Amino acid sequence: MRTVRLSLGLVLLCLLRVQAGDRGTAEPDESKIAGTWYITAMASDSEIYLQNKDQLKMAMANIEVLGNGDLKVSFAIPTPGRCMKFESIYTPTGSPGEYYSSDRGNKTVRLVDTDSSSYMVVFATREKDGKILHMLRLYSRTQWVRPKIKLLFKRLAKLNGFTDDTVWILPRQEECRLGEL
């Protein structure tokens, strides 16, 4: 009985940590999130992403912290037949870990969880054609993600309202890399 209570206590403690991370309450250290990342997993409620999820592959992003606190994010996203590259500027909203960009549609991104060295989970909302779309992304410093981090991502996806059908791990790719935009 004592073991059961201890186990329940640990589960509740873990849930509180995840829920606190879900609200994005910690101010991120931008110098630690700067650099190159791989987008290794996604969850989305966008019909376009869901219809094409079997064709999607791992993307790359480079985050640069600008002098005014803005983030310049460069993306290299493999699509069927080409490598799509673009940049967006994200401005702090005033909420810890949250940024806004009007590039390529009105987007808000919020840092959900990170260890600042190997992974981060980002929740994004985007307005498109009068609809609000939601996406959760797992960023990793390498193309190989520990199973524990994949499991954490899947749990965070469920906490943010995504189902198993809307969550997928992206396969590695070598043909679409960051470089000159």
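Residue numbers (mature numbering (1 follows the signal peptide of the UniProt record, and there is no 0)): -20 to -1, 1 to 161.
Virtual Cβ for every residue (Gly too), placed ideally from N, Cα, C.
Computed from a predicted model, the values in this text were never measured in an experiment.
Where L(-6) falls: helix, strand or coil (DSSP) = Below a pLDDT of 50, predicted positions are generally treated as unreliable, and L(-6), at 36, falls in that range; the measurement from the model is reported next regardless. Residue state for L(-6) is assigned as helix, using DSSP reduced to three classes.
Does the beta-carbon distance from A39 to I19 come in below 7 Å?
-> Result yes, Cβ atoms of A39 and I19 sit closer than 7 Å.
Exposed unless 16 or more other CB atoms sit within 10 angstroms - verdict on L138 | It is Lys, not Leu, that sits at residue 138 in the sequence shown. Burial state of K138 is exposed, judged by a 10 Å Cβ sphere holding fewer than 16 other Cβ atoms.
Please name the residue in A41, G61, R84 whose C-alpha comes closest to that of W17.
-> That would be A41, whose Cα lies nearest to the Cα of W17.
Can you list, in chain order, the stretches of the beta strand (DSSP E) that have 3 or more residues and sit fully within the stretch 76 to 104?
-> Segments of the beta strand (DSSP E) lying fully in the stretch 76 to 104: 78 to 81, 87 to 94.
Could you give the DSSP three-state label for Q153: helix, strand or coil?
-> Annotated three-state conformation of Q153 is coil, per DSSP.
Euclidean distance between Cα positions of K111 and R157 = Whole-angstrom Cα-Cα distance: 31 Å.
Look at the Cβ atom of E107, then the Cβ atom of N86, and state whether they are nearer than 7 Å.
-> Yes; because the gap between Cβ atoms is below 7 Å, this pair is in contact.
If you run the structure through DSSP and keep just helix, strand and coil, what is T71?
-> Strand at T71.
Per DSSP, cross-strand counterpart(s) of P58 | According to DSSP, which records beta bridges pairwise, P58 is partnered with C63.
Alpha carbon to alpha carbon, how far is V45 from S81? Give it in angstroms, no decimals.
-> One Cα belongs to S81, the other to V45, and the distance between them is close to 14 Å.
Just how far apart, CA to CA, sit M64 and F133?
-> Spanning the two alpha carbons is a distance of roughly 25 Å.
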